[in-house]
Amino acid sequence: MSNPGAQLSVEQQQQIAAAQAQAAAQAQFGVPPAAPQASASLYVGELDPSVTEAMLFEMFNTIGPVASIRVCRDAVTRRSLGYAYVNFHNVLDGERALDTLNYTVIKNKPCRIMWSQRDPALRKTGTGNIFIKNLDKSIDNKALHDTFNVFGNILSCKVAMEDGSSKGYGFVHYETAEAAENAIKHVNGMLLKDKKVYVGHHIPKKERQSKLEEIKAKFTNIYVKNLDTEVSLEEFSEIFARFGKITSVVITTDENGNSKGFGFVNYENHEEAANAVNELHDTDLKGKKLFVARAQKKHEREEELRRQYEQAKMEKLNKYQGVNLYIKNLEDDIDDEKLRQEFSVYGVITSAKVMRDERDQSKGFGFVCFSSPDEATKAVTEMNGRMIGNKPIYVALAQRKDVRKSQLEAQINQRNQIRAYMPVGYAHPGTYGRLGRPAHFYGGVGMINAVPGTTPNIRTNNYNMVNRSNGRPQNAPQNAGRPNASNRGARNQYQPTKQHNQYSQNNRVANGQGLSNSRNSATASQSSSSAISSVFDTRKFVGVSPEAQKQLLGEQLFPKISDRQPELAGKITGMLLEMDNAELLHLLENKAALDSKVDEAVSVLKQHAMATGQNFPDSE
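Residue numbers (the numbering used here): 279 to 898.
Here it is in structure tokens:
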């Protein structure tokens, strides 16, 4: 569940608390609520993913005191699911909100408000639910609601949409079955926006599917394709008349009267139609093999094709699950055969492919597929980080892009949740500060500021909380904890130390908080820069411990990332340092690859900020 307190401002939380206290006082002194038997909870749907509790509070609090607001979010990614619940203390306030705020535009999308139905029985039985089709594309939720609300109280009303455009049908759920019958009686067959609409009782999908199966079992209409264009209607009729009495037959033609190569034949009974399909399917007619089958409606064909596509997709994914490897940081002269040779010692390879661009140049990555998961696992263990040519390659199990993105979002969310409850004296591994500043955390100042996920002005774990919006306690001196603070206007100034090992020690926080690396520029000494850069000679890098590698890589990555994202450089560097060292080497050597990873990290951070209602800095 999401935490509304993390989304609402302190003032908004205080207003809700005051309303709750007032309701409690009324109950204590015997003041009855307006309608104790009714729920004052509203469902708010069709919301943009960026809509937060604070935005909804500003909107609904104009109607009356709000008890609580909750935007429903995905349990892992914390993305908004597009709907929320708003609870009033007074049911009359809920009625006014429903009457006045329904279909109000929020973030360029009209919201849809209805009473929250906690009892699923009403939704499942479908009593009072009607289906409307052949709607004009211009009819939206509000227009449909205005058309049908004259027949009774509407619980919900929705036009089916796809990519922001109407699909031509919708649903209206009435409070009573009598209202639904009245709407069907008066609107079915009438014109709405010059189109004759169908209105009938909504039939649940399971019942529709069972009826469809009955129709399939007793079909009389058959579809014939791959007809020669020279076949006349008379010849066509004679061929199919041998199997029974035909009620109708047609060959589809274009505007010029020429055959399109397919047609339909309808028999009087099912047995005759089934016999024609069995006897004529795959037979030759004027040199062409006929396709004869039961005629299907368009939506049925599309559903069947979609189901076949999804099934084939899942079979393919399951087939390559755990056996397909992703390899990158390949040298340009590595081709398919060379890649196959390098990995062939670990098992039977079913395919090996180096990806290339439109000029047939290597993109630096490829895929190797083994015949069994054990072989693939052994290859990952042995080959990841191994030198091929002059580069250490990165090897891992191949993942779909959406899976990688979900995992990254989950890691970001988990890290942020942990960070919210950490004491000031602790810093996150791999966290980098900005120029000349300790990495995010300060101690020893007697201030109590709000931390996401905690209550304002409450001391947590006996530690003083800091204001993370600017990385410094509000009442701390401007120069506190910042060497050379008088020169803060000169962003690129940095005083180098005499030796590289001294440089590394001075840039490491005593309690392991991470590096407070500055953004080296042309003013930094050449001796210090060359000392760091020389470590990235491939032969010297291999002999360094993984921990030292990670530190040196971070020192090189941070200034490069700061050039593009100065406000987010610390977070992005920490995110990238979770990657494999071989992959980080590739990012340092390939600016395009680094820019791509930075953009991906910014995208994830931006989505997380939108989902949690935080401000997102514009760094570029």
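Ideal Cβ placement from N, Cα and C applies to all residues, glycine included. As the structure is a prediction and not an experimental result, all values here were calculated from the model.
By how many angstroms is the C-alpha of residue j removed from the C-alpha of residue i?
| i | j | result |
| --- | --- | --- |
| S537 | N553 | 25 Å |
| L433 | A345 | 22 Å |
| A438 | H479 | 16 Å |
| T900 | L865 | Residue 900 falls outside the range modelled here, since the chain spans only 279 to 898, and no answer is possible. |
| T340 | K575 | 50 Å |
| K567 | L558 | 9 Å |
| N383 | A399 | The amino acid at residue 383 is misidentified as Asn; the sequence shows Val. Approximately 31 Å, taken between the alpha carbons. |
| S317 | E336 | 21 Å |
| F514 | Y447 | 37 Å |
| K631 | K616 | 10 Å |
| M333 | V364 | 12 Å |
| Q885 | N547 | 59 Å |
| S874 | S443 | 33 Å |
| F621 | A826 | 29 Å |
| T561 | G644 | 46 Å |
| Q589 | F338 | 45 Å |
| E550 | Q487 | 24 Å |
| I462 | M853 | 58 Å |
| E440 | G565 | 43 Å |
| K385 | L376 | 19 Å |
| L603 | T530 | 50 Å |
| V570 | K523 | 17 Å |
| Q829 | E845 | 21 Å |
| G535 | Y381 | 49 Å |
| A362 | R585 | 32 Å |
| S319 | H423 | 20 Å |
| V658 | Y672 | 9 Å |
| G848 | A676 | 28 Å |
| Q619 | Y598 | 20 Å |
| S649 | D638 | 28 Å |
Apart from the five residues just before and just after residue i, which ones in its own chain have a Cβ nearer than 7 Å to its Cβ?
| i | result |
| --- | --- |
| P249 | In the structure as shown, the chain starts at 279 and stops at 898, and residue 249 therefore has no counterpart that could be examined. |
| G539 | K503, N504, L505 and T507 |
| L359 | C350, R351 and D352 |
| K641 | M633, R634 and D635 |
| N740 | The pLDDT assigned to N740 is 34, lower than 50, so where the model puts this residue is not dependable, and the model offers no usable value. |
| K436 | R390, N419, G448 and F449 |
| R678 | none |
What does a CB cutoff of less than 8 Å around residue i pick up in its chain, not counting 5 residues either side in sequence?
| i | result |
| --- | --- |
| L490 | E578 |
| L470 | L413, D414, I417 and T425 |
| T378 | I341 |
| E653 | V601, Y624, G625 and V626 |
| V527 | L511, F514, S515, F518, G541, F542, V543 and N544 |
| T655 | G600 |
Leaving aside the five residues before and after residue i along the sequence, list all residues of the same chain whose C-beta is less than 6 Å from its C-beta, in chain order.
| i | result |
| --- | --- |
| M888 | S328 |
| R390 | G323, E324 and N419 |
Reducing DSSP to helix, strand and coil, say where residue i ends up.
| i | result |
| --- | --- |
| L863 | helix |
| Y598 | helix |
| A353 | coil |
| E491 | helix |
| E440 | strand |
| F409 | strand |
| S381 | At residue 381 the sequence reads Tyr, which differs from the Ser that was named. In this structure, Y381 counts as coil in the three-state DSSP scheme. |
| R390 | strand |
| I417 | coil |
| V428 | helix |
| R348 | strand |
| I462 | helix |
| F449 | strand |
| F514 | helix |
| F497 | coil |
| V475 | coil |
| A894 | Inspection of the sequence shows that residue 894 is occupied by Phe rather than by Ala. F894 falls in the coil class under three-state DSSP. |
| S805 | Below a pLDDT of 50, predicted positions are generally treated as unreliable, and S805, at 38, falls in that range; no measurement from the model is reported. |
| N691 | helix |
| V369 | helix |
| L359 | strand |
| L883 | helix |
With 8 Å as the threshold, decide whether the Cβ of residue i is near any Cβ in chain C.
| i | result |
| --- | --- |
| R348 | Given the protein chain composition of this structure (a single chain), no chain C is represented. |
Review point. Is it a yes or a no for the segment 854-874 touching the segment 657-666, going by three-plus beta-carbon pairs under 8 Å?
Key: By the Cβ criterion, the segment 854-874 is in contact with the segment 657-666, since at least three pairs of Cβ atoms, one from each stretch, lie closer than 8 Å.
Exercise for review: Would you mind listing the alpha helix (DSSP H) stretches within the segment 311-344 that are 4+ residues and don't spill past its ends, in chain order?
Suggested key: List check, alpha helix (DSSP H) in window: 331-338.
Practice item. For the segment 522-578, list the beta strand (DSSP E) runs that are entirely contained and at least 3 residues long, ordered along the chain. Key: The segment 522-578 contains these whole beta strand (DSSP E) runs: 524-531, 537-545 and 569-572.
Practice item. Within the segment 605-685, note down every full alpha helix (DSSP H) run reaching 4 residues or more, in order along the chain. Key: Given a length threshold of 4 residues, each whole run of the alpha helix (DSSP H) inside the segment 605-685 is given here in chain order: 614-621 and 651-661.
Review point. Below 8 Å, can you find three or more Cβ-Cβ pairs linking the segment 875-888 to the segment 674-691?
Key: Touching, yes, given that three or more Cβ pairs across the two stretches are closer than 8 Å.
Review point. Just checking, does the segment 481-499 make contact with the segment 415-431 on the three C-beta pairs under 8 Å criterion?
Key: The segment 415-431 and the segment 481-499 do not touch, with fewer than three beta-carbon pairs separated by less than 8 Å.
Practice item. Answer yes if the segment 458-468 comes into contact with the segment 393-412, meaning at least three C-beta pairs across the two stretches below 8 Å, and no otherwise. Key: Touching, per the Cβ criterion.
Check your understanding: Does the pairing of the segment 664-683 with the segment 601-612 give three or more beta-carbon distances under 8 Å?
Key -> Yes: at least three Cβ pairs fall under 8 Å.
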